[in-house]
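For reference, the structure is listed below as structure tokens.
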Amino acid sequence: MAGRSFPFAIVLHTLNRPPATGGRKGDPLKLGFFVTNQYLPGESMPQKIQDSAEQVRAARDAGFSLIATGQHYLAAPYQMSTVFPLLSRLAAEAGDMQVAATVILVPLHNPVELAESIATLDCITNGKFVFGVGLGYRDEEYTAFGIERGERVGRMNEAMDLIKQLWSEDEVEFNGKYYTVPKTKISTRPVQAPHPPIWVAANNDVAIRRAARWGYPWLINPHATVPMVADQWTRYKAALDEFGQPVPDELPMMREMYVARDRETAFIESQPFLEGKYQAYAAWGQDKALPGNESFSVPYQDLAKDRFLLGSPDDIVSEFRRYADELGVNHMICRMQWPGMPQEQVLKQIELLGREVIPRIKDF
Numbered sequence: 003m004a005g006r007s008f009p010f011a012i013v014l015h016t017l018n019r020p021p022a023t024g025g026r027k028g029d030p031l032k033l034g035f036f037v038t039n040q041y042l043p044g045e046s047m048p049q050k051i052q053d054s055a056e057q058v059r060a061a062r063d064a065g066f067s068l069i070a071t072g073q074h075y076l077a078a079p080y081q082m083s084t085v086f087p088l089l090s091r092l093a094a095e096a097g098d099m100q101v102a103a104t105v106i107l108v109p110l111h112n113p114v115e116l117a118e119s120i121a122t123l124d125c126i127t128n129g130k131f132v133f134g135v136g137l138g139y140r141d142e143e144y145t146a147f148g149i150e151r152g153e154r155v156g157r158m159n160e161a162m163d164l165i166k167q168l169w170s171e172d173e174v175e176f177n178g179k180y181y182t183v184p185k186t187k188i189s190t191r192p193v194q195a196p197h198p199p200i201w202v203a204a205n206n207d208v209a210i211r212r213a214a215r216w217g218y219p220w221l222i223n224p225h226a227t228v229p230m231v232a233d234q235w236t237r238y239k240a241a242l243d244e245f246g247q248p249v250p251d252e253l254p255m256m257r258e259m260y261v262a263r264d265r266e267t268a269f270i271e272s273q274p275f276l277e278g279k280y281q282a283y284a285a286w287g288q289d290k291a292l293p294g295n296e297s298f299s300v301p302y303q304d305l306a307k308d309r310f311l312l313g314s315p316d317d318i319v320s321e322f323r324r325y326a327d328e329l330g331v332n333h334m335i336c337r338m339q340w341p342g343m344p345q346e347q348v349l350k351q352i353e354l355l356g357r358e359v360i361p362r363i364k365d366f
């Protein structure tokens, strides 16, 4: 491997930005574990779900604060378990951890069904559920559901208004462009009042402004590079000011992460799995949903730069601190497994983080 450099993802300290004024309120940085729910063709889905339950138990015992998983449909070339049944199963192993959906593709759902499903999950978790919301970007999903992709923003806005009314009002009557509900009363209400925390996933500036207008935390996506995140944070903060919204208490960020004894090992061991995942993202068009001319069809070393967290425990602690100090991030949600990665590699990372990273970030 002589002559080859192994980039570490984060260079926030080179941006010369002042410390963020929001997000962190003196609380310790929290670490969340994103449970992979995509599997290679031919793998046993029942076994992979049991593996996920084992990972959640390990994360709980290691001191993680949250578990999460996401939603897609028609996820070829992968198999993929659906989010609500999977989170219900994993919640049984989560202990005191929060349980999050990051994210639900709201425009693909009937808002009445979604309101009751989320409320039920909040009851299952005894008031520890986090409702992450997003639009989605794949034409295949919208076509399969019989929904025009151009309607997704309007459907999202109406659905969120209706869902919150169903949770907070005794009776609701709703007449919108996309949804009509006669005077009715919801049959399931969440434990958390007025509703579970809502995090808004956003790739581009328009979506970031939407999160700011609603006054909800912006869930920073794992695909954006560090300079992109720093620029978008400035835009998010300006939009909050414009709409008269306070900076939310939570500023959550999702990242791809692999921790090992050293940076070179992390780079080499992650590459076969993380590179393959981003090749699939490129085929889906995920890179085109980002600002600028981002492309995931580049060598792994270029893909990793400023985007992935790859390194030793010391590296990870250092970069967590930079995100916390310079952007105000106070909840890191990390995915440490991608399709095809053996269970042993995941559990080894969780154990290493619990032993050498989590005790140190509590002092931030």
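Per this note's numbering, the sequence shown runs over residues 3 to 366.
Just so it is clear, CB atoms sit at the ideal spot from N, CA and C, and this is done for glycine as well.
Item: Assumed close pair Ala226, Gln234 - CB separation to whole angstroms, cut-off 8 Å; Value: 7 Å
Item: With 16 other Cβ atoms within 10 Å as the buried cut-off, status of Asp389; Value: Residue numbering for the chain in the displayed model covers 3 to 366; residue 389 lies beyond these limits and cannot be assessed.
Item: Distance between Glu266 and Leu107 (C-alpha atoms, nearest Å); Value: 36 Å
Item: Buried versus exposed call for Arg62 [16 or more other C-beta atoms within 10 Å across all chains shown]; Value: buried
Item: Candidates Ala262, Ala213, Ile363 and Ser170, of which the one nearest Arg323 by Cα; Value: Ile363
Item: Length of the line joining the Cα atoms of Ile69 and Val37; Value: 7 Å
Item: C-alpha gap between Gly246 and Gly44, whole angstroms; Value: 51 Å
Item: Residue-level contact to chain D via CB, Met255, 8 Å cutoff; Value: Judged by its chain identifiers, the structure shown contains no chain D, having just a single protein chain.
Item: Beta carbon of Glu358 nearer than 8 Å to that of Pro315; Value: yes
Item: Anticipated Cβ contact below 8 Å, Met338 with Met259, distance rounded; Value: 5 Å
Item: Cut-off 7 Å between Cβ atoms - residues of its own chain near Val193, not counting five sequence neighbours on either side; Value: Asp124, Cys125, Asn128 and Gly129
Item: Residue burial classification, Ala285 (beta-carbon count within 10 angstroms, cutoff 16); Value: exposed
Item: Local Cβ density within 10 Å of Pro198, reported as buried at 16 or more and exposed below that; Value: buried
Item: Rounded separation between Ile165 and Arg151 - CA only; Value: 21 Å
Item: CB contact flag (Lys185, Glu175, <8 Å); Value: yes
Item: Bounding residues of the alpha helix (DSSP H) (the contiguous stretch that carries Tyr260); Value: Per DSSP, Tyr260 belongs to no alpha helix (DSSP H); it is in the beta strand (DSSP E), Pro254 to Val261.
Item: Alpha helix (DSSP H) runs wholly inside the region 64 to 144, at least 4 long, in chain order; Value: 85 to 93 and 113 to 126
Item: Ala64 and Ile335 closer than 8 Å at C-beta; Value: no
Item: Pro224 versus Val319, Asn206 and Asp251, residue with shortest Cα-Cα distance; Value: Asn206
Item: Unbroken alpha helix (DSSP H) run spanning Met162, endpoints; Value: Arg154 to Ser170
Item: Helix, strand or coil at Thr227 [DSSP, three-state]; Value: coil
Item: Sequence-distant residues of the same chain with beta carbon closer than 6 Å to Thr190, five excluded per side; Value: Glu118, Ala121 and Thr122
Item: Spatial distance of Gln351 from Tyr302 (CA atoms); Value: 21 Å
Item: Selected residue, minimal CA-CA separation from Val228, among His74, Glu153, Ala102 and Leu311; Value: Leu311
Item: Span separating the alpha-carbon of Val101 from that of Phe35; Value: 10 Å
Item: Extent of the continuous alpha helix (DSSP H) to which Val319 belongs; Value: Pro315 to Leu329
Item: Separation of Val132 from Thr182, as counted between CA atoms; Value: 26 Å
Item: Neighbourhood of Ala60 by C-beta, 6 Å cutoff - its chain only, sequence neighbours within 5 removed; Value: Leu349 and Ile352
Item: Opening and closing residue of the alpha helix (DSSP H) in which Ile352 lies; Value: Gln345 to Glu358
Item: Minimum C-alpha distance to Leu110 - residue among Leu92, Arg91, Ala103 and Tyr75; Value: Tyr75
Item: Buried versus exposed call for Lys179 [16 or more other C-beta atoms within 10 Å across all chains shown]; Value: exposed
Item: Secondary structure of Glu271, DSSP reduced to three states; Value: helix
Item: Which listed residue (Leu354, Phe366 and Gly342) has its alpha carbon closest to that of Met47; Value: Gly342
Item: For Thr182: DSSP bridge partner residues; Value: Asn177
Item: Same chain only: Cβ atoms within 7 Å of Asp141, ignoring 5 sequence neighbours per side; Value: Arg151
Item: Leu242 (DSSP reduced to helix, strand or coil); Value: helix
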